[in-house]
Structure formats: structure tokens, C-alpha cells
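Read left to right, the sequence shown gives residues 212 to 516 (my numbering). Contents: one structure, followed by commentary.
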Amino acid sequence: MQYTRPLAELRRADEARFGGKSASLGELLAAGIPVPPGFALSTSAMRAPVHDEIAARYAELSESVREPSPAVAVRSSAVGEDSADATFAGQLESYLWVRGVDEICVAVRDCWASLNSVRAQAYREHLGAEHEAATGVTIQLMVDAAVSGVMFTCNPVSGDPSMVAINASWGLGLAVVGGEVTPDDYLVSKVTREVVRERISTKDVEYRPAADGRGTERTEVPPDRANVRCLDEQALTRLVELARQVERHFGCHQDIEWAKRRSDRELFVLQSRPVTSLPERPPKAPASALSLVMSQFGVPPHASD
212 MQYTRPLAEL RRADEARFGG KSASLGELLA AGIPVPPGFA LSTSAMRAPV
262 HDEIAARYAE LSESVREPSP AVAVRSSAVG EDSADATFAG QLESYLWVRG
312 VDEICVAVRD CWASLNSVRA QAYREHLGAE HEAATGVTIQ LMVDAAVSGV
362 MFTCNPVSGD PSMVAINASW GLGLAVVGGE VTPDDYLVSK VTREVVRERI
412 STKDVEYRPA ADGRGTERTE VPPDRANVRC LDEQALTRLV ELARQVERHF
462 GCHQDIEWAK RRSDRELFVL QSRPVTSLPE RPPKAPASAL SLVMSQFGVP
512 PHASD
């Protein structure tokens, strides 16, 4: 049995074997969306010797990007992780800037082990899940992000489908995930590309690849850059175009993780999942779109105050 597949070969029908994240990325690649290449491990790989398969796929990836030991992200890809009643977003571990077959195998085992974390077990109990826990794993080429963030293909507060809600911060997304910074917040019209709302925050921390190219390191953002917008009009327009493409392909509102590469400013989609909840009517005391976007990272509401 084959336990690995290139992401580019996966489609929605493969979710049962490879999990939601990997299947979604395969769909995006097939649709021509700029997505970093990579490969996926099936859920059944947890009980199989897969070192040699991982080594072979990693060698293929290395050859395709013409880089020895390229850095990858190792992330969980659970079956049904994006369903309306059981989103596993943020419940399992992810590992960034992993290099070499042995390090990838360690990160994969750690992803599997996170299924048994207190947080993951409590979440499964909350859902009433009785089956044995299993997850696929996505291994994807890293993007050295000058800027990264999340966008919704609708206004997550009002449900307005004519808007794209975008947040952005310097470097990798870890500073936002950890609640160390509040990202910039934009609301942009899909039709006119007009920036309807813009809120620029202090982004005085960013995460970059470590000096040796393995793992990440936290750095202070200079004051002259911390308080300026990290996306220009051209980047915002391109993000709206990508949001429309992704939404059109899947046929429903999407919650999209993206990154802007440092070397050439190219924008990539790193992940996309359905928006699983929208207000049926305007809330009595609406939260900001920024707070809802940050909640996708697991950041508590007070972190954006």
C-alpha cells in the first residue's frame, strides 16, 4: 500500500485517506492557485513504516525546487477537520522550517502524538467522538514570508458576501497565533477593490527562519516599520483576486491562510477551509472583523484590545 502522495495529485475524494488540509491543497493546485508544492501522508501511515516513502517524496520535492534539503512545514491534516460541527483547526501541532528526512520523520511523529494531547482529547470528548483518533499529515515547502495572514471571502461579522476581510502581520504567522501582536485589518470590496476599512496596528514582533535555516526565531521589528501598513494596494488587490478564485473553485465562503514571499513578493495560498459559521442576523453588539479573524488563530479576544 502507498502511504504518500504528491499534493498535486489529491482531490476532494481523497479526504477520507489524506485528510481535509491535504485534499484542499490538491484542489487548489489543480485550479492553478499559487500553492507551495509538497506531499501528504495518509491516516493509515500512523501504523506503518514510512521512513523510506517520506525520503523518496522529499527527494522528489528537492529535485523539483532544485534545492538540497528544502525547508518544509509539517502540519496535521485530519479527516473532517473543516466540517461545520467538528473543525480541528488549531487543535493539533504544526512544525515550521523542518529540514532533512530524519527531522521530517520526527515532526510527523510529533504531529501524530499531538492527537493525544490534553487539548485534542478534550476536544474529541466535547464532540462525543468514539472512534480511534487518526490524522493525515501535510508536508509542504516553506515560504520565507515577509508578510503573512488570513482572509475571509466574506465579512465574517455581517456575512456580507461582497467583501473580503484581510489581516496581515510581518513575518510568519506565529506572532499572531501567540497573541504577541495585533495584525493590520482591512475590509476590501470584491467588486471595486476599494479598501472600505483599514486599521493599522503596532506589529513590533515577527518570526523568521532561524539563522541556520532550521526552526524559527523571534525578532523585534524596528519602530520605523512596526507601525506602518504591511500591505500596499497592489498586494491587497492581488489577495482579493486570489480570494475570488478560491471561493469560485470551492463554491462557498473560504477562510484562507496566505503568505507573501520575501524574495520576490509573490503571494501564496497556504491553506483554505470553508467558513463554518456566519451570523444569521446582525449581532446586537458586533465584534470587529479583526477579532473574529484572530479567533481562527486561537487568539483570545482580549489580545486584540
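Backbone N, C-alpha and C fix where the C-beta goes; we use that ideal spot for every residue, glycine too. Remember, predicted model here, so these are calculated numbers, not experimental data.
Query                                                                                                        : Result
Collapsed DSSP secondary structure at R216 in the structure displayed                                        : strand
Alpha-carbon to alpha-carbon, V348 and L303                                                                  : 11 Å
Uninterrupted alpha helix (DSSP H) stretches inside the stretch 373–410 (no shorter than 4 residues)         : 385–388
Exposure of C522, with buried meaning 16 or more beta-carbon neighbours within 10 Å                          : Outside the modelled stretch of the chain, which goes from 212 to 516, sits residue 522, for which no answer is possible.
Buried or exposed (CB count within 10 angstroms, at least 16 for buried), A318                               : buried
Inter-stretch contact (C-beta, 8 Å, three-pair minimum) for the stretch 449–456 and the stretch 420–427      : no
K232 in three-state terms, based on DSSP                                                                     : helix
For Y269, the residue or residues it bridges with in DSSP                                                    : None, per the DSSP bridge assignment.
Three-way DSSP call (helix, strand, coil) for R472 in this model                                             : strand
As assigned by DSSP and simplified to three states, the class of G347                                        : strand
Candidates A446, P420, T393, P372: closest to A437 by CA position                                            : T393
Enclosing beta strand (DSSP E) for A284 [first to last residue]                                              : 283–288
Nearest candidate by alpha-carbon position, reference P420, set R473, A267, M374, G389                       : R473
Identified DSSP bridge partners for L352                                                                     : V283
Contact under 9 Å by Cβ, Q288 with F250                                                                      : Note on identity: in this sequence residue 288 is Ser, with Gln being the wrong assignment. Cβ atoms of S288 and F250: not closer than 9 Å.
Sequence-distant residues of the same chain with beta carbon closer than 6 Å to S235, five excluded per side : S483
Selection from D443, E444, A470, S412 that minimises the alpha carbon distance to P434                       : S412
Touching by the beta-carbon criterion (3+ pairs, under 8 Å), the stretch 235–244 and the stretch 307–322     : no
Cβ contact check for the stretch 363–373 and the stretch 261–277: 3 or more pairs under 8 Å                  : no
Burial state of E431 (16 or more Cβ within 10 Å)                                                             : exposed
Per DSSP, the bridge partner or partners of Q445                                                             : Q445 is not bridged to any residue.
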